[in-house]
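Numbering that gives the first Met the number 0 puts the first residue of the sequence shown at 0, with every later residue one more than the last. The beta carbon of each residue, even a glycine, is placed where N, CA and C say it ideally should be.
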Amino acid sequence: MNKKVLSRDKILVIVTGAVIALAAFILTRLGNPKNMGFCIACFIRDMAGGMKFHNAAVVQYMRPEIIGLVLGSFIVALIRGEFKPKSGSSPVTRFVLGAIVMICALVFLGCPLRMFIRLGGGDMNAIIALLGFVAGIYIGTLYLKKGYSLGRAEKKHLVEGGIAPALQVLLLILVIAVPGLFVISQKGPGSMHAPLVASLLIAAVVGALCQLSRLCTAGGIRDLFLTKDVTLVLGPIALVVVLTILNLATGSYNFGFKGQPIAHSDHIWNFLSFVAVGLGSVMLGGCPLRQLILAGEGNGDSFISVLGMFMGAAISHNFGLAGVAASASSQGGATLGGKIAVILSLIFLVLHGIYIAKKNQRG
0 MNKKVLSRDK ILVIVTGAVI ALAAFILTRL GNPKNMGFCI ACFIRDMAGG MKFHNAAVVQ
60 YMRPEIIGLV LGSFIVALIR GEFKPKSGSS PVTRFVLGAI VMICALVFLG CPLRMFIRLG
120 GGDMNAIIAL LGFVAGIYIG TLYLKKGYSL GRAEKKHLVE GGIAPALQVL LLILVIAVPG
180 LFVISQKGPG SMHAPLVASL LIAAVVGALC QLSRLCTAGG IRDLFLTKDV TLVLGPIALV
240 VVLTILNLAT GSYNFGFKGQ PIAHSDHIWN FLSFVAVGLG SVMLGGCPLR QLILAGEGNG
300 DSFISVLGMF MGAAISHNFG LAGVAASASS QGGATLGGKI AVILSLIFLV LHGIYIAKKN
360 QRG
């Protein structure tokens, strides 16, 4: 068989995707919401609620998975000599882009990672979002070809690069040592969670593998358009395949659009919201998962993007922008505020991309 097919990079990406599928499956069995297991947008939203950045009572919990992802990446980067702090590349723009990606992801009710996890559970609403995601990434690659860039980051002191991992350690200590400091939902998705230690350790393994493989849900599709390189896209494919097999084997697979957990079938807005998520992720240089991994490596720009995502989560729930999950009594869907937010986000992203690309072309 061709050596390129079995290259170390491809195998590592496939293994990472398969492990994420297994992790999502196990965490769901241990208490995380169905068809979630791992959702960066949902978990950041829950953490924002746990820290009282928003008051949506059903989505408040300090998710150990976010802490584990950053620390797993940090430890491996440190061991491999890849902990190299840098920042300074358009921090305000990155903060805004992070907020936009989060707001639009929550209209769909999940990040790109959860989109693939939902596909592995049979949720066909995720297909609509995937089409939007691919379209947004394609538009992003057009900007990249025309010179879009947020600039070059500069090397920083080790102490600055260590702020993101150190903050995760502090949060973990507070969660354990000061019970009641953070809010925990008594019902809804925020009340559904795996045991803290299991969540932390499983996420740390995923964070370590993502650091090693460079897996990025947006990066794989971007590379397909730009260089025809299939390496990174093999991760999400492996995730969907493995999770589908696990769900089928255990009777957890639920094919269709209706009756999906924490989801809705407002197709137009699932599509458009993920056009914005895809385009925003390309502009940031990676999906929400990738931003967390890079933050663990000491990338201050990615940490700023993650902070923007926290702000986006707070805005979404304080101003009713997040999508409403379908239920027995309601079809759910995008709210009026969410629709306006998606339209404004797309307008901003398109105009911003045009302006920066032209500016960089002029030098």
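Exposure of residue i, with buried meaning 16 or more beta-carbon neighbours within 10 Å
| i | result |
| --- | --- |
| residue 338 | buried |
| residue 81 | exposed |
| residue 345 | buried |
| residue 7 | exposed |
| residue 194 | exposed |
| residue 0 | Note that residue 0 scores 39 on pLDDT, short of 50, meaning its location in the model is unreliable; the coordinates nonetheless yield the value given after this. Classification for residue 0: exposed. |
| residue 156 | exposed |
| residue 177 | exposed |
| residue 327 | exposed |
| residue 211 | buried |
| residue 170 | buried |
| residue 2 | Because residue 2 carries a pLDDT of 48, less than 50, the predicted location of this residue cannot be relied on, and no value is offered for it. |
| residue 207 | buried |
| residue 136 | buried |
| residue 248 | exposed |
Option in the options with minimal Cα separation from residue i
| i | options | result |
| --- | --- | --- |
| residue 323 | 165, 333, 187 | 333 |
| residue 308 | 259, 330, 101, 181 | 101 |
| residue 270 | 342, 244, 130, 260 | 130 |
| residue 148 | 90, 178, 167, 181 | 90 |
| residue 350 | 138, 181, 235 | 138 |
| residue 360 | 205, 143, 300, 316 | 143 |
| residue 198 | 123, 14, 24, 358 | 24 |
| residue 122 | 356, 342, 78, 325 | 325 |
| residue 30 | 256, 219, 187 | 187 |
| residue 163 | 115, 151, 244, 293 | 293 |
| residue 165 | 299, 321, 347 | 299 |
| residue 153 | 189, 83, 288, 75 | 83 |
| residue 256 | 74, 127, 75 | 127 |
| residue 103 | 189, 341, 348 | 341 |
| residue 52 | 237, 331, 191, 317 | 317 |
| residue 314 | 22, 181, 44 | 44 |
| residue 244 | 120, 107, 56 | 120 |
| residue 268 | 63, 132, 85, 79 | 132 |
| residue 87 | 46, 159, 112 | 159 |
| residue 38 | 253, 114, 304 | 114 |
| residue 77 | 336, 331, 295, 145 | 295 |
| residue 111 | 220, 74, 150 | 220 |
| residue 254 | 22, 34, 284 | 34 |
| residue 260 | 150, 124, 285, 226 | 124 |
| residue 28 | 250, 258, 182, 167 | 250 |
| residue 283 | 21, 10, 92, 62 | 92 |
| residue 242 | 116, 107, 75, 74 | 116 |
| residue 352 | 285, 278, 321 | 278 |
Interface flag, residue i vs chain C, CB-CB below 8 Å
| i | result |
| --- | --- |
| residue 175 | Going by chain labels, chain C is absent from the structure shown, which holds only one protein chain. |
Residue i - partner residues in DSSP beta bridges
| i | result |
| --- | --- |
| residue 359 | According to DSSP, residue 359 bridges with nothing at all. |
| residue 153 | 86 |
| residue 277 | According to DSSP, which records beta bridges pairwise, residue 277 is partnered with nothing at all. |
| residue 269 | Residue 269 pairs with nothing; no bridge assigned. |
| residue 298 | 85 |
Beta-carbon separation (whole angstroms), residue i vs residue j, contact threshold 8 Å
| i | j | result |
| --- | --- | --- |
| residue 67 | residue 59 | Between residue 59 and residue 67 the Cβ distance is about 19 Å, and since that is not below 8 Å, they are no contact. |
| residue 231 | residue 222 | 6 Å |
| residue 311 | residue 97 | 7 Å |
| residue 161 | residue 297 | 7 Å |
| residue 69 | residue 214 | The Cβ separation is near 15 Å, so there is no contact. |
| residue 71 | residue 203 | 4 Å |
| residue 40 | residue 118 | Their Cβ separation, rounded to whole angstroms, is 16 Å, which puts residue 40 and residue 118 out of contact at 8 Å. |
| residue 42 | residue 19 | Their Cβ separation, rounded to whole angstroms, is 14 Å, which puts residue 42 and residue 19 out of contact at 8 Å. |
| residue 304 | residue 290 | 5 Å |
| residue 367 | residue 191 | Given a span of 0 to 362 for the chain in the structure shown, any question on residue 367 remains unanswerable. |
What are the complete alpha helix (DSSP H) segments, minimum 4 residues, inside the region 84 to 145? 90 to 107, 111 to 119, 124 to 144
List in chain order: all unbroken beta strand (DSSP E) runs of 3+ residues lying wholly within the region 238 to 264. none
Curious, which full-length alpha helix (DSSP H) runs of at least 4 residues does the region 280 to 354 contain? 287 to 295, 299 to 317
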